[in-house]
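Engineer:
Protein chains: 2
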Amino acid sequence: MIKVVSKHYVKEDKVDEFIEYAKRMVEATVKEEGCISYGLFQDVKDQKILTFIEEWEDMESLEKHKTTEHVTRIVPILRSLDEKPGDLNIYKQL
Amino acid sequence: MIKVVSKHYVKEDKVDEFIEYAKRMVEATVKEEGCISYGLFQDVKDQKILTFIEEWEDMESLEKHKTTEHVTRIVPILRSLDEKPGDLNIYKQL
Numbered sequence: 001m002i003k004v005v006s007k008h009y010v011k012e013d014k015v016d017e018f019i020e021y022a023k024r025m026v027e028a029t030v031k032e033e034g035c036i037s038y039g040l041f042q043d044v045k046d047q048k049i050l051t052f053i054e055e056w057e058d059m060e061s062l063e064k065h066k067t068t069e070h071v072t073r074i075v076p077i078l079r080s081l082d083e084k085p086g087d088l089n090i091y092k093q094l
Numbered sequence: 001m002i003k004v005v006s007k008h009y010v011k012e013d014k015v016d017e018f019i020e021y022a023k024r025m026v027e028a029t030v031k032e033e034g035c036i037s038y039g040l041f042q043d044v045k046d047q048k049i050l051t052f053i054e055e056w057e058d059m060e061s062l063e064k065h066k067t068t069e070h071v072t073r074i075v076p077i078l079r080s081l082d083e084k085p086g087d088l089n090i091y092k093q094l
């Protein structure tokens, strides 16, 4: 099992717009093969921090995800709403 | 439901020691009331990045966790093995 944490620092006035597009990503991604869970989370102290926490069956499913229509279309939009580059980590469980 | 991501940047020569103590934290914490899941994860590209990904029923359980014997004893040890301060985020699901 692969866990992904993708943290975005969103422009203050773009938070609502980010959430709207991010929810479309969630909706499309949870239907993908190999996706165990994929959710959107907001920091309780800083609403500009919006993070996808994801569980994938294996690296192959994650790689396939990156080539989907919804990722190639929506990720550039999400990035344009960020105030600075985010943090992306791919993890294995110990 | 509350999700916590606690990311540590561990000193290169202290990674094994960190994992040893972190596993004791996992073992004790999963038994706590209100803990849905609590796992230790390692970045697949950078083994010095070690992260706890946690799910708690509510803020109350998380607050109680911070006062447990294993947290007050083991967290200072884990921090002493870090090369720089880590990132701690507490999230709500959207």
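Which chain is which? The protein sequence lines are V and P, in order. Heads up, the first sequence is in the numbering used here, so the first residue is 1 and it goes up one at a time. Heads up, the second sequence is in the numbering used here, so the first residue is 1 and it goes up one at a time. Ideal Cβ positions, reconstructed from N, Cα and C, are used throughout, including at glycine. None of these values were measured; they are calculated from a predicted model.
#1: Per the contact definition of three or more C-beta pairs closer than 8 Å, is the region 57–71 of chain P in contact with the region 34–41 of chain P?
#2: Would Leu-50 of chain V be called buried (16 or more neighbouring beta carbons within 10 Å of its own) or exposed?
#3: Should Val-5 of chain V be flagged as near chain P, meaning a C-beta pair shorter than 8 Å?
#4: In angstroms, rounded to a whole number, what distance separates the CA positions of Asp-82 of chain P and Glu-12 of chain V?
#5: Using a beta-carbon distance below 8 Å, is Ile-53 of chain P in contact with chain V?
#6: Starting from the C-beta of Val-26 of chain P, find all residues in its chain whose C-beta is less than 7 Å away, skip the five residues before and the five after it, and write them out in chain order.
#7: Look at the alpha carbon of Arg-24 of chain P and the alpha carbon of Ser-6 of chain P, and state the distance between them as a whole number of angstroms.
#8: Would you identify the three-state DSSP class for Glu-69 of chain P, choosing helix, strand or coil?
#9: Check each candidate in V:Phe-52, V:Met-59, V:Glu-60, V:Asp-58 and name the one with the smallest Cα separation from Phe-18 of chain V.
#10: Compile a chain-ordered list of the residues in the region 21–43 of chain P whose CB is closer than 7 Å to at least one CB of chain V.
Structural biologist: On the basis of the coordinates in this document:
#1: yes
#2: As a working mapping, residue 50 of chain V is identified with position 50 in the first sequence. Burial call: buried.
#3: Residue numbering aside, residue 5 of chain V sits at position 5 when the first sequence is read from its first letter. It does; some Cβ of chain P falls within 8 Å.
#4: Here residue 82 of chain P refers to the residue found at position 82 of the second sequence. Here residue 12 of chain V refers to the residue found at position 12 of the first sequence. Looking at the two C-alpha atoms, the distance is approximately 31 Å.
#5: Against the second sequence, residue 53 of chain P aligns to sequence position 53. Cβ-Cβ to chain V under 8 Å: yes for Ile-53 of chain P.
#6: Indexing the second sequence from 1 puts residue 26 of chain P at position 26. Excluding residues within five positions, the ones whose Cβ falls inside 7 Å are Tyr-38, Gly-39, Leu-40.
#7: By one-based count along the second sequence, residue 24 of chain P stands at place 24. By one-based count along the second sequence, residue 6 of chain P stands at place 6. Taking the straight line from one Cα to the other gives about 16 Å.
#8: In the second sequence, residue 69 of chain P corresponds to position 69, counting from 1. Looking at Glu-69 of chain P - three-state DSSP - the assignment turns out to be helix.
#9: The residue given as residue 18 of chain V occupies position 18 in the first sequence. Out of V:Phe-52, V:Met-59, V:Glu-60, V:Asp-58, V:Phe-52 has the C-alpha closest to the C-alpha of Phe-18 of chain V.
#10: Gly-39, Leu-40, Phe-41, Gln-42, Asp-43
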